[in-house]
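Accompanying notes for the structure given below.
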Amino acid sequence: MSKTIKLTTSQALVKFLRNQYIHFDGEETPFVEGIFNIFGHGNVLGIGQAMQEEAGDLKVIQGKNEQGMAQAAAAFAKENFRRKIFAVTTSIGPGSANLVTAGATALANNLPVLFLPADTFANRQPDPVLQQIEQHHSQKITTNDALKPVSRYWDRVERPEQLMSALLRAFEVLTNPETAGPVTLSIAQDVEGEAFEFDAAFFNKRVHYIDRVLPSDDAVLRAASTLKKADKPLIVVGGGAKYSLAGEEIAAFSRERGIGIVETQAGKSTVSSSHPYNLGGVGVTGTLAANKAAQQADVIIGVGTRYTDFVTSSKTAFNFEEASFININVSRMQTYKMEAAQLVGDAKVSIQKLHNMLDDYESAFSGELMEYKNEWDTERKRLAGIQVNLDDDYYQPEVSDSLSREQLKKYAETLETSYAQSTALIKVNETVDPSSYVVTSAGSLPGDMHRIWNPTVENTYHVEYGYSAMGYEIAGGLGVKLAHPDTEVYSMVGDGSFLMLHSELVTALQYNMKLNIILFDNAGYGCINNLQMGHGSDSFCTEFTGEDGAVLNIDYAAVAAGYGMNTFTAKNNAELEQALKQAENSEKSTLIQIKVLPKTMTDGYEDFWNVGIAEHSNNPNVMQKLEEVKEMRSRARQY
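Start counting the sequence shown at 20; every next residue gets the next number (my numbering).
As structure tokens, this is what we get:
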């Protein structure tokens, strides 16, 4: 008869988490780093009590907002190439509902996070309990059912013995490169504290092996045959390439074969920006160089990319009528896109195998690639030196269809600045230590970062754009700092995103995890204002103005100072450079408030974003833009 151990369901859960390991490329490491928590009824007396007794080496971190701490957990997993995770426990009701946005973020980015929301009573005796919702058609439905669409695996534990099979299934999903994503184990609060005689062997050290998936020889041969016919091949580096640690192999493949490199947001910094054939971001937020190369390419090698609409410029970025595709991905579903030659396998080994099968092949693209890169370097230098003068008759804002000069002057007078956002961002890039980590997610900053941020050190660029979640920036910065406690982390955030969610600043201060927040204040939702006005509409509800039309000039530095951070304000390059140096020398978290003029972010370069637009309007500008959109839609690939 097997040996048993008496534990509550929660104690068994925590004991199990402590004994999970991952084995990758010959290295074995603990898989679960710790548990983020906000305690409330439903988890404080179950999982909370177990964490007091059983946490062991697990890091226990008190969050301030459920969405925030879950976003931090997702960022931590991303920075560890999905080979370390945090679990996240919440109370029932609003606590678990706050996980939905973070769950969608993790799912869109294929990031493993373990959600442990409390639930109502399995025995239903006290129903309806505090924060329990009720439906006429089923008593089994609780708030946690809202997490089903944003979970890669979802389960409800209503008996202690169910925990064992639920955990085994959960960790298979969490450690599988193809299925990695958020897992939700919803545990009824009475069951959390219920005792059971668990099989002691269940808590033995368990090693989850991640073996690199090898593509078939036939698949590599088909891909090589396609590539050998190409004159102008191009590699699209996606997040899967980064998680595979394939940067060195891609860099060598590109250099030796004369193949261009362009990057998705998730793939950026997999290869250094200093690589001679790395043209930077591609698509809607891409560089002029990358988008020119994409139009010329006759074979596109997608490495770990999902081909989202921003990457493909809504299926107009490439010459789809003439170009062929080769897709490398651990997900067979992703390799099928674009009717590509399919290499189902790990990015690193697939690139190696493809490289070895090309004999003496070399593309005819290298000369053009260098021309594109030099042209873009010249444009980037221009963006770095913009001097805005609203009194100059020849002044044109960087973004077309912009606010009138009178409106811009109103902003300049209220914010007391004429600083260009693109210029400020390049100054940050040139000033901070290149080994620092940079984080952003939503608004105009991801577009600027994708185009003009040059990461010369590999894997230092952390931009969440699979879901582009507003509010991720600061919470994500905390997750990055947890992964790299001895390195400077800079979170780039707009004023709109800062207002959405900045509660984890307190967590960073509480646990002495230094963050540097670079806050770009343009008094509104700038990128959406661009989208609105760029499609013919007047500015409407996208600027931060009062009922009298006055611009709101909010002192965000004062907010951060109230938390106990060191704060600075910058309105020109000299002030920004000084603030950055002081921030680097600071021993605690900092916030640099940069007042920037609206419409001074970077514009698009030979791109198209297919968005919904009104087909009837009294505004002739809207109808004109509708015709332009229809024309571009007619050029797009339909499948």
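Note that the Cβ used here is the ideal one computed from N, Cα and C, for glycine as well. Remember, predicted model here, so these are calculated numbers, not experimental data.
The distance from the Cβ of residue 127 to that of residue 486 is about 4 Å, consistent with a contact at the 8 Å cut-off. Sixteen is the threshold: since fewer than 16 other Cβ atoms of the shown chains lie within 10 Å of the Cβ of residue 635, the residue is exposed. Per DSSP, residue 136 is one residue of the beta strand (DSSP E) stretching across 132 to 138. Taking the Cβ atoms as the reference, residue 115 lies roughly 5 Å from residue 163, within the contact range of under 8 Å. CA-CA distance, residue 519 to residue 340, rounds to 43 Å. Boundaries of the alpha helix (DSSP H) harbouring residue 260: 258 to 262, taken from the DSSP string.
Listed in chain order, the beta strand (DSSP E) elements of length 3 or more contained wholly in the region 484 to 556 are 508 to 513 and 535 to 540.
Collapsing the DSSP output to three states places residue 562 in a strand. For residue 607 and residue 496, the gap between their C-alpha atoms comes out near 14 Å.
With contacts defined by Cβ atoms closer than 8 Å, residue 570 and residue 434 form a contacting pair. DSSP places residue 182 within a helical segment (H, G or I) once states are collapsed to three. In this structure, residue 466 sits away from residue 651, with a CB-CB distance that is not shorter than 8 Å.
The three-state secondary structure of residue 29, taken from DSSP, is helix. Taking 8 Å as the cut-off, the beta carbon of residue 283 is found closer than this to the beta carbon of residue 258. Taken through DSSP and simplified to helix, strand or coil, residue 343 comes out as strand.
Per the DSSP secondary-structure output, residue 175 pairs in a beta bridge with 205. Excluding the 5 residues flanking it on each side, residue 95 has same chain C-beta neighbours closer than 6 Å at 105, 498, 501 and 502, in chain order. Put simply, the backbone Cα of residue 505 is about 31 Å away from that of residue 192. Around the CB of residue 653, fewer than 16 other CB atoms lie within 10 Å, so the residue is classed as exposed. In terms of Cα proximity to residue 363, the closest of 374, 322 and 403 is 322. Taking a 10 Å sphere around the C-beta of residue 300, we find 16 or more other C-beta atoms and assign the residue as buried.
Rounded to whole angstroms, the separation of the alpha carbons of residue 582 and residue 616 is 27 Å. DSSP lists 255 and 346 as the beta-bridge partner residues of residue 321. A straight-line Cα-Cα distance of about 10 Å links residue 469 and residue 484. Taking the CA atoms as reference points, residue 399 sits about 7 Å from residue 471. The beta carbon of residue 307 is closer than 8 Å to those of 391, 394, 395, 398, 624 and 625 in its chain, skipping five residues each way along the sequence.
Runs of the beta strand (DSSP E) spanning 3 or more residues and lying entirely within the region 33 to 70 occur at 39 to 43, 46 to 49 and 51 to 56, in chain order.
If you look at residue 109, you'll find it in the beta strand (DSSP E) that goes 104 to 109. Between the C-alpha atoms of residue 235 and residue 591 there is a straight-line separation of about 55 Å. Partner residues in the beta bridge of residue 610, as assigned by DSSP, are 536 and 586. Judged by their CB atoms, residue 51 and residue 68 are not nearer to each other than the 8 Å cut-off. For the options 655, 151 and 604, the alpha carbon positioned closest to that of residue 508 is the one of 604. The C-beta distance from residue 464 to residue 539 rounds to 6 Å, short enough to meet the 8 Å contact threshold. Around the Cβ of residue 344, a 10 Å sphere holds 16 or more other Cβ atoms; the residue is buried. Note: residue 218 is bridge-paired with 23 in the DSSP secondary-structure output. Our two residues, residue 286 and residue 537, have alpha carbons roughly 23 Å apart in a direct line.
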